[in-house]
Amino acid sequence: MTHGYAPATPPRSTLVVTAHAGDFVWRAGGAIALAASRGEKVTIACLTFGERGESAKAWREGKNLEEIKAIRREEAEKAAATLGAEVRFFDAGDYPLVATAELTDQLVAVYRETQPDVVLTHPVEDPYNGDHPAANRMALEARVLAQAIGYPGPGEIIGAPPVFYFEPHQPEMSGFKPEVLLDITEVWETKRKAMECLGAQQHLWDYYTDLAVRRGVQLKRNAGPNLGLAHKTMAEAYMRPYPQIAKELA
Numbered sequence: 038m039t040h041g042y043a044p045a046t047p048p049r050s051t052l053v054v055t056a057h058a059g060d061f062v063w064r065a066g067g068a069i070a071l072a073a074s075r076g077e078k079v080t081i082a083c084l085t086f087g088e089r090g091e092s093a094k095a096w097r098e099g100k101n102l103e104e105i106k107a108i109r110r111e112e113a114e115k116a117a118a119t120l121g122a123e124v125r126f127f128d129a130g131d132y133p134l135v136a137t138a139e140l141t142d143q144l145v146a147v148y149r150e151t152q153p154d155v156v157l158t159h160p161v162e163d164p165y166n167g168d169h170p171a172a173n174r175m176a177l178e179a180r181v182l183a184q185a186i187g188y189p190g191p192g193e194i195i196g197a198p199p200v201f202y203f204e205p206h207q208p209e210m211s212g213f214k215p216e217v218l219l220d221i222t223e224v225w226e227t228k229r230k231a232m233e234c235l236g237a238q239q240h241l242w243d244y245y246t247d248l249a250v251r252r253g254v255q256l257k258r259n260a261g262p263n264l265g266l267a268h269k270t271m272a273e274a275y276m277r278p279y280p281q282i283a284k285e286l287a
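Numbering (the numbering used here), first residue to last: 38 to 287.
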């Protein structure tokens, strides 16, 4: 008599596609830390180091381009490790980040390798930073191409993982609506530690702390009094570009 053993179910996979080295921390650090805390695999595709447009402090200190790239790489690696994620750098150059077929093809390979259950990326609009919409376009296009059996490249095709847009720096000017409020209270200290890895953008530490407080207030207001939420609830906001699939309304 033989006994069959079912193959182990792979852990859930989250793919985060960001334009710059710091974006994944400010905007989705809580979601990343939550997923990692549940034993899920989180992969961050970081298209640029943010070396030109998001490293003013280092430029003022007299650093050159390659030195700044090295600084931002080290900061992002430390932040990703703090959150429990893997970060991959594409060094595509920022300000401007140019959407190319080659870069999109590289993202297709990442989609097929990681087989994401969830995708996090920038929203479509950001009038203050064209790199963010460029990253969005490539993230969405690669997601579709990675589903096509006839599209060349290694790896198995993917399904249609749900996409969540994380909050831009200027939400009111970017058409952003907080459709999903994610409770990140239990991993807030982890996110804050990851934020503090980004010394090149220290001016944003308190801004994104305050934002998490405000979104936490909104979460509690919408959740009602019976969920046992912490007195000080911290949250992140997301939008959904595609319909939510459900068998019941909840």
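C-beta atoms are modelled at their ideal positions from N, C-alpha and C, and glycine is treated no differently. Note that the structure is a prediction, hence the values are computed from the model and not measured.
Considering only residues of the same chain and omitting the five flanking positions on each side of Gln281, which have a CB-CB separation below 6 Å?
-> The residue you call residue 281 lines up with position 244 of the sequence shown. Correct list: empty, nothing qualifies.
Expected contact under 8 Å - CB spacing of Val155 and Pro199 to nearest Å | Here the question's residue 155 lines up with position 118 in the sequence shown. Here the question's residue 199 lines up with position 162 in the sequence shown. Yes, Val155 and Pro199 are in contact; Cβ-Cβ is about 6 Å, under 8 Å.
Span of the beta strand (DSSP E), counted from its first residue to its last, around Lys78 = In the sequence shown, counting from the first residue as 1, residue 78 sits at position 41. Looking at the DSSP string, the run of the beta strand (DSSP E) that includes Lys78 is Lys78 to Cys83.
Top-ranked residue by Cα proximity to Trp242, from Gln255, Leu177, Val254 and Glu226 | By one-based count along the sequence shown, residue 242 stands at place 205. Out of Gln255, Leu177, Val254 and Glu226, Glu226 has the C-alpha closest to the C-alpha of Trp242.
Return the first residue and the last residue of the beta strand (DSSP E) that Ala272 is part of.
-> Position 235 of the sequence shown, counted from the start, is the residue given in the question as residue 272. Counting along the chain, the beta strand (DSSP E) containing Ala272 begins and ends at Ala272 to Met276.
Can Phe86 and Arg109 be called in contact, C-beta distance under 7 Å?
-> Within the sequence shown, the letter at position 49 stands for residue 86. Within the sequence shown, the letter at position 72 stands for residue 109. Yes, Cβ-Cβ distance for Phe86 and Arg109 is below 7 Å.
Alpha carbon of Thr137 to alpha carbon of Ala249, nearest angstrom = Position 100 of the sequence shown holds residue 137. Position 212 of the sequence shown holds residue 249. Approximately 34 Å, taken between the alpha carbons.
Start and end residues, alpha helix (DSSP H) containing Tyr245 = For the purposes of this step, residue 245 is taken as residue 208 along the sequence shown, with counting starting at 1. Here the alpha helix (DSSP H) through Tyr245 covers Trp242 to Ala260.
Inter-residue spacing [alpha-carbon to alpha-carbon] between Ala82 and Ala107 | Mapped onto the sequence shown, residue 82 falls at position 45. Mapped onto the sequence shown, residue 107 falls at position 70. About 17 Å.
Short check: CB of Met271 to CB of Gly253, under 7 Å?
-> Your numbering for residue 271 matches position 234 in the sequence shown. Your numbering for residue 253 matches position 216 in the sequence shown. In this structure, Gly253 lies closer than 7 Å to Met271 by Cβ.
Quick one: grab the DSSP three-state call for Tyr188.
-> On the sequence shown, position 151 is the one that residue 188 refers to. Tyr188 falls in the coil class under three-state DSSP.
Answer yes if the region 51 to 61 comes into contact with the region 84 to 99, meaning at least three C-beta pairs across the two stretches below 8 Å, and no otherwise.
-> yes
For Gly187 versus Val145, is the C-beta distance shorter than 7 Å?
-> To locate residue 187, count along the sequence shown from 1; it is residue 150. To locate residue 145, count along the sequence shown from 1; it is residue 108. For Gly187 and Val145, no; Cβs fall outside 7 Å.
Going by the CB atoms, is the gap between Asn173 and Thr151 shorter than 7 Å?
-> On the sequence shown, residue 151 is found 114 positions in, with the first residue counted as 1. On the sequence shown, residue 173 is found 136 positions in, with the first residue counted as 1. Contact flag unset, no.
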